[in-house]
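Student: Mind looking over this structure? Questions follow.
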């Protein structure tokens with residue numbers, strides 16, 4: 201390569217059908233290129249208020265404490281877990297994929313006592329098992345789970361899990377990174393206390409931000425902590441002062457201005473289309489993909505009953521070279537799909553039909569390319 | 201207002217002469233609007249390698265562990281402090297402004313025993329005092345300080361402070377948020393073990409990222425910790441695996457792709473201009489500002505000997521309504537300047553001449569507007 205590291209960087213154009221990031225609309229990219237303004241500018245404060253209103257709609261919540269953490273979904277996870285747990289607190293973590301495992305790691309670093317509740321990868325979290333685990337240990341204060349497991353493509357029944365938690369007075373922390381914008385998320389109705397999502401999945405915004413929401417009960421809990429939140433940056437009571445939760449705005453950190461322009465435009469597009477229309481579009485693209493899979497005699501990893509439309513784990517057909525196929529799709533056809541993670545590495549392909557990516561024509565483009573690659 | 205929250209957002213055009221964000225070049229904004237690609241795409245991995253090389257140049261370091269934390273400078277602070285300290289560790293924190301105070305808060309939440317060393321706001325950290333404090337308490341493991349205090353406009357002598365720490369075997373953590381790109385930063389030569397900066401100051405990139413660098417000694421120290429880093433997301437040993445420090449890249453989090461496109465272009469512009477040329481440009485704009493201040497019979501807060509060129513604290517002239525002037529500058533003239541923070545609130549204006557903002561013509565624009573506003 202003759203490239204110097206100070207040469208301008210021009211990325212290739214890819215069709216993003218992996219587990220995220222998803223394709224970003226030109227309007228969102230253009231919004232990110234608007235001139236930067238100050239993070240205490242009245243115009244910016246107006247933007248923050250609008251973002252909050254749009255996020256409340258996406259989460260189906262009235263929670264005042266609804267805002268965006270200035271880091272990717274993993275930081276949202278840190279923020280939600282570390283604000284809630286204190287050293288010695290017992291937390292039940294339902295694990296049916298990579299992200300449940302990660303939550304355990306986050307909680308135990310935060311000093312919590314993790315009670316794991318494991319399910320086979322590719323299966324959902326069962327509310328009855330959550331109920332039983334809570335009945336068996338009355339000291340458990342929190343239940344955490346992943347609504348839509350990006351590592352497997354499984355949707356768990358959040359409403360039933362939250363109801364099981366409520367029965368035992370436990371508070372609920374939900375990972376909605378891949379669910380928001382792709383399937384219904386109704387945190388007030390379900391009784392979810394704390395939720396985080398990402399921007400690079402069904403909202404089709406570039407990665408780097410994590411919208412979160414805390415119920416009044418969660419905020420009350422945080423205010424009554426015996427110890428301070430371990431991370432100054434993530435302390436919700438302080439971040440809320442910046443996002444205008446109570447009284448005057450106090451400087452906390454410098455918000456990622458241009459990224460938030462992008463999120464505003466991405467959320468605007470989601471809401472102008474309408475959440476229900478977006479869900480139907482995801483479903484349609486997904487069913488088309490499943491039909492193409494069946495046509496070829498291949499199999500989906502996950503049972504139909506709890507399959508996510510936006511993340512499709514396809515069992516890699518026998519005799520096929522996983523890495524070679526993905527590389528050829530990417531480099532010869534400019535299509536990105538995802539590899540299996542953890543125990544599913546080499547066993548599945550993960551096809552994301554997320555946000556702007558959830559279109560029948562993209563599924564057709566993918567299968568046309570896949571057929572070519574497989575023919576060699 | 202007839203505005204609906206789902207209307208597109210178009211920010212006003214402001215001249216950013218506050219404490220950050222600084223003005224962003226159109227080329228950087230355009231780079232952020234390039235199509236999003238996957239964070240494990242070979243093209244993106246190439247971008248990460250180039251970013252690392254450019255950051256090494258900016259920090260004047262050979263440190264392998266040089267990369268970008270996916271959050272604003274405050275997250276960089278969390279990352280640097282929380283990776284180094286464990287519960288019970290003694291850390292000397294030199295405090296001469298807001299950001300030294302914040303470091304104390306971060307370290308104590310991380311379980312460290314903070315030994316504060318306070319200086320008057322507007323004065324630099326004195327190496328002799330650091331030496332004396334370390335001599336008085338042999339248990340202190342770390343020295344932390346802010347190289348360029350954004351809250352006051354003071355430059356401290358990093359070389360002398362790091363030398364004092366070295367004399368007593370203490371490791372050095374430096375906040376270089378406002379210094380990188382505006383004044384020389386030579387971490388290898390000075391013996392700084394851990395450093396973080398921001399993108400929205402003298403690098404003139406939108407806020408949201410925090411470049412960091414860890415010396416081999418710091419990495420060794422982190423690897424030998426008795427306890428895990430409190431934040432999973434910030435654990436440098438894991439982030440490094442993602443940035444390709446040792447062996448194959450492992451998935452950690454989803455990098456903020458488009459923000460990193462912007463940083464690449466911003467760093468490229470800094471290095472193509474040349475760091476020394478950029479420093480001289482900052483100095484020239486600063487001296488012009490000081491001359492304009494003197495011409496009006498006003499005063500700078502900070503003594504000439506340790507004044508930062510990129511952050512100028514001007515004492516607010518007697519009888520002037522601080523908030524009214526700043527509001528009029530912003531709303532009538534589209535110029536942002538900064539308010540005083542903490543004990544300096546209402547007493548100073550903070551004029552940032554950072555990165556793209558460090559130009560004589562911007563100083564002229566500002567003073568022409570200021571004169572108009574003050575005439576009423």
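Protein chains in written order, with this note's numbering: chain A, 201 to 576; chain B, 201 to 576.
Ideal placement from N, C-alpha and C gives every residue a C-beta, glycine not left out.
#1: On a CA-only basis, which of 490(B), 465(B) and 487(B) is nearest residue 254(B)? Give me that one, please.
#2: How big is the Cα-Cα spacing for residue 480(A) and residue 383(A)?
#3: Assuming residue 401(B) contacts residue 510(B) (C-beta within less than 8 Å), just tell me the rounded distance between them.
#4: Taking Cβ to Cβ, would you say residue 371(A) is nearer than 8 Å to residue 418(A)?
#5: In this structure, does DSSP put residue 494(B) in helix, strand or coil?
#6: Quick one: list the residues of chain B neighbouring residue 424(A), beta-carbon separation under 7 Å, in chain order.
#7: In whole angstroms, what is the alpha-carbon distance linking residue 224(B) and residue 297(B)?
#8: Per DSSP, which one or two residues make a beta bridge with residue 295(A)?
#9: Which residues of the segment 380–401 of chain B have a Cβ closer than 8 Å to any Cβ of chain A? Give them in chain order.
#10: Do the CB positions of residue 492(B) and residue 218(B) come within less than 8 Å of each other?
#11: Keeping to the same chain, check which residues put their C-beta closer than 7 Å to that of residue 388(A); ignore five residues upstream and five downstream.
#12: Which whole-angstrom value is the C-beta distance of residue 341(B) and residue 291(B), which I expect to be below 8 Å?
#13: Residue 512(A): buried (16+ other C-beta within 10 angstroms of its C-beta) or exposed?
#14: Within its chain, find whatever has a CB closer than 6 Å to the CB of residue 275(B); leave out the 5 residues flanking it on each side and keep chain order.
#15: Starting from residue 428(B), find everything on chain A with Cβ-Cβ shorter than 7 Å and list it in chain order.
#16: Could you check which residue in 247(A), 380(A), 251(A) and 327(A) has the C-alpha nearest to that of residue 475(A)?
#17: Cβ closer than 7 Å: which chain A residues qualify as neighbours of residue 458(B)?
#18: Check the Cβ-Cβ distances between residue 321(A) and every residue of chain B, and say whether any is below 8 Å.
#19: Contact between the segment 236–256 of chain B and the segment 354–369 of chain B: three or more CB pairs below 8 Å?
#20: How far does the alpha helix (DSSP H) with residue 287(B) in it extend, from its first residue to its last?
#21: Would DSSP call residue 375(A) helix, strand or coil?
#22: Is the beta carbon of residue 473(B) closer than 8 Å to that of residue 222(B)?
#23: Please confirm if residue 480(B) has its CB atom under 8 Å from at least one CB of chain A.
#24: Could you name each continuous beta strand (DSSP E) segment of 3 residues or more that falls completely within the segment 230–276 of chain A, going from the start of the chain to the end?
#25: What first and last residue would you give for the beta strand (DSSP E) that runs through residue 512(B)?
#26: Closer than 7 Å by C-beta to residue 359(B): which residues in its own chain qualify, once you throw out the five before and the five after it? Chain order, please.
#27: Under a CB-based cut-off of 8 Å, is residue 254(A) close to chain B?
#28: Look at residue 213(B) and residue 534(B) and say whether their C-beta atoms are less than 8 Å apart.
#29: Near residue 287(A), what residues of its chain come up, given a Cβ to Cβ distance below 6 Å and the 5 sequence neighbours on each side ignored?
#30: Taking 8 Å as the CB-CB limit, is residue 237(B) close to chain A?
#31: How would you label residue 252(B), buried or exposed, when you count the other beta carbons within 10 angstroms and need 16 or more for buried?
#32: Which whole-angstrom value is the C-beta distance of residue 515(B) and residue 547(B), which I expect to be below 8 Å?
#33: Who are the near neighbours of residue 483(B) in its chain, counting only those whose CB is closer than 7 Å to its CB and skipping five residues on each side?
#34: Counting beta carbon pairs with one atom in the segment 496–507 of chain B and one in the segment 344–360 of chain B, are three or more of them shorter than 8 Å?
#35: In chain A, which residues lie with their C-beta within 9 Å of the C-beta of residue 302(B)?
#36: Does residue 270(A) have its Cβ less than 8 Å from a Cβ in chain C?
Tutor: This is what the structure holds:
#1: 465(B)
#2: 9 Å
#3: Rounded, the Cβ-Cβ distance is 7 Å, consistent with contact.
#4: Cβ atoms of residue 371(A) and residue 418(A): closer than 8 Å.
#5: helix
#6: Per Cβ cutoff of 7 Å: no residues; residue 424(A) is ~17 Å from chain B at best.
#7: 26 Å
#8: 318(A)
#9: 398 and 400
#10: Cβ atoms of residue 492(B) and residue 218(B): not closer than 8 Å.
#11: Around residue 388(A): 260, 261 and 262.
#12: 7 Å
#13: Classification of residue 512(A): buried, given that the 10 Å Cβ count is 16 or more.
#14: 269 and 410
#15: 309
#16: It is 380(A) whose Cα lies nearest to the Cα of residue 475(A).
#17: 232 and 406
#18: no
#19: Not touching, per the Cβ criterion.
#20: Unbroken run through residue 287(B): none, as it is neither H nor E.
#21: strand
#22: No, these two residues do not count as a Cβ contact at 8 Å.
#23: no
#24: 265–269, all fully within the segment 230–276 of chain A.
#25: In the DSSP assignment, residue 512(B) falls within the unbroken beta strand (DSSP E) covering 511–515.
#26: 390
#27: Yes - at least one Cβ of chain B is within 8 Å of the one on residue 254(A).
#28: Going by C-beta atoms, residue 213(B) is nearer than 8 Å to residue 534(B).
#29: Taking C-beta separations shorter than 6 Å and ignoring five residues to either side along the sequence, the partners of residue 287(A) in its chain run 311, following chain order.
#30: yes
#31: buried
#32: 7 Å
#33: 509
#34: Of all C-beta pairs linking the segment 344–360 of chain B to the segment 496–507 of chain B, three or more are shorter than 8 Å, placing the two stretches in contact.
#35: For a Cβ distance threshold of 9 Å, residue set 432 of chain A lies close to residue 302(B), ordered along the chain.
#36: Among the protein chains of the structure shown, namely A and B, there is no chain C.
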